[in-house]
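Enquirer: Before anything else, here's the structure in question.
Residue numbers (UniProt numbering): 1 to 299.
Listed below in structure tokens is the structure:
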């Protein structure tokens, strides 16, 4: 009897081992398959604060079966994530910085998606009289001359880069050390809250301002300059570039998911949604759809 039991054990132990290994491989395969159904989207706080992603992401997920993990940071941080391979796809608004990554071949498949504009907002009483200035550069000169309180995001975002570009164009230097210049290091929504509380001037994208307008004591004082165009592109990290930077990370990139997201963003049906988003709430769309256009065509 003992011999018989030993014989049975000799037969069943290898069989059990095979079954366990097969199950382990199956479960691991399922997890890998499931993991590939998620993409990481690095985007800007202004895009998130506008509410547009709340409209678009569920549609993308329903259409493709992919789940989207959104990381909303400044454009500079989002682009850095893309260059490291820490995100699968990027939706950002810092064209000059984006082009640097294109030249390095760090990102590929870059497409124009939409635009709105930057606006200068401040207290209704407008203590520096920027309403009466001829353009955005004179407005910034006037703020500096009067040492009027100005709030900056100071977070290396696309909005922050645009603000620095305007100060430079206005010929103003050393403003970052001035007591009237206050940097929050936060996103657009939070920075608008600070400016509203302090009755300060601030450069913002129009979409976030309109989305928060009812809770702010700030009005639009300057807008319309072509300098203030706020242009959004979608793109993905180049797997070949990431392989050279971090081979381990390159293997984790969800290339298929990124490609599907890019196609979704420039698809005509999505572009139509973008062009209508905000009309019902604000009486005007928050973005102008631009897929298929060139930057020089925008105004």
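In this text, a Cβ means the ideal position worked out from N, Cα and C, and glycines have one as well.
1) CB-CB under 8 Å to residue 153, same chain, minus the five flanking residues each way: which ones, in chain order?
2) Grouping DSSP H, G and I as helix and E and B as strand, with all else coil, what is residue 21?
3) Do residue 287 and residue 274 have their beta-carbon atoms positioned less than 8 Å apart in this structure?
4) Among residues of its own chain, excluding the 5 on either side of residue 230, which ones have a beta-carbon nearer than 7 Å to its beta-carbon?
5) Using the three-state DSSP reduction, which class does residue 156 fall into: helix, strand or coil?
6) Check whether the region 128 to 144 touches the region 103 to 113, taking contact to mean three or more Cβ pairs, one atom from each stretch, closer than 8 Å.
7) If you scan the region 184 to 226 from start to end, which runs of the alpha helix (DSSP H) of 4 or more residues do you find wholly inside it?
8) For residue 262, collect the residues of the same chain with a Cβ closer than 8 Å to its Cβ; drop the 5 residues on either side in sequence, then sort them by chain order.
9) Only counting the same chain, and skipping five residues up and downstream in sequence, which positions put a Cβ closer than 7 Å to that of residue 37?
10) Touching or not, the region 212 to 231 and the region 192 to 201, by the rule of three or more beta carbon pairs under 8 Å?
11) So what's residue 299 in DSSP terms, helix, strand or just coil?
12) Let me check understanding here. Comparing Cα to Cα, which of 165, 211, 128 and 227 lies closest to residue 280?
13) Please name the residue in 179, 232 and 178 whose C-alpha comes closest to that of residue 290.
14) Which residues bound the alpha helix (DSSP H) around residue 172?
15) According to DSSP, residue 38 sits in a beta bridge with which residue or residues?
16) Out of curiosity, what's the CA-to-CA distance linking residue 170 and residue 225?
17) In its own chain, which residues sit with a C-beta less than 7 Å from the C-beta of residue 221, not counting the 5 before and 5 after it?
Expert: Looking at the atomic coordinates:
1) Counting from one through the chain shown, the residue named residue 153 turns up at place 153. Taken in chain order, the residues that qualify are 74, 159, 160, 163, 183, 184, 185, 186, 187, 188 and 191.
2) Position 21 of the chain shown, counting from 1, holds the residue named residue 21. Note on residue 21: pLDDT 43, under 50, position unreliable in the model; no value is reported.
3) For the purposes of this step, residue 274 is taken as the residue at position 274 of the chain shown. For the purposes of this step, residue 287 is taken as the residue at position 287 of the chain shown. Yes, Cβ-Cβ distance for residue 274 and residue 287 is below 8 Å.
4) For the purposes of this step, residue 230 is taken as residue 230 along the chain shown, with counting starting at 1. Excluding positions up to five away in sequence, the list reads 93, 115, 116, 117, 118 and 205.
5) Your numbering for residue 156 matches position 156 in the chain shown. Residue 156 falls in the coil class under three-state DSSP.
6) By the criterion of at least three beta-carbon pairs nearer than 8 Å, the region 128 to 144 is not in contact with the region 103 to 113.
7) 188 to 198 and 206 to 212
8) Locating residue 262 in the chain shown gives position 262, where the first residue counts as 1. Counting only Cβ-Cβ distances below 8 Å, and skipping sequence neighbours, we find 89, 109, 111, 234, 235 and 236.
9) As a working mapping, residue 37 is identified with position 37 in the chain shown. Same-chain partners within the cutoff: 65, 66 and 67.
10) Contact between the region 212 to 231 and the region 192 to 201 is present: three or more C-beta pairs spanning the two stretches fall below 8 Å.
11) The sequence position of residue 299 within the chain shown is 299, counting from 1. Residue 299 falls in the coil class under three-state DSSP.
12) For the purposes of this step, residue 280 is taken as the residue at position 280 of the chain shown. Here the closest residue by C-alpha is 211.
13) Taking the first residue of the chain shown as position 1, residue 290 is located at position 290. Residue 290 has its Cα closest to that of 232, out of 179, 232 and 178.
14) If you number the chain shown from 1, residue 172 lands on position 172. Residue 172 -> no alpha helix (DSSP H), and no H or E assigned at all.
15) Along the chain shown, read from residue 1 onward, the residue named residue 38 stands at position 38. Answer is 67.
16) Translated into positions along the chain shown, residue 170 becomes position 170. Translated into positions along the chain shown, residue 225 becomes position 225. Their Cα atoms are separated by approximately 14 Å.
17) Along the chain shown, read from residue 1 onward, the residue named residue 221 stands at position 221. Closer than 7 Å at the Cβ level, and outside the excluded window around residue 221, lie 120, 121, 122, 126, 130 and 131.
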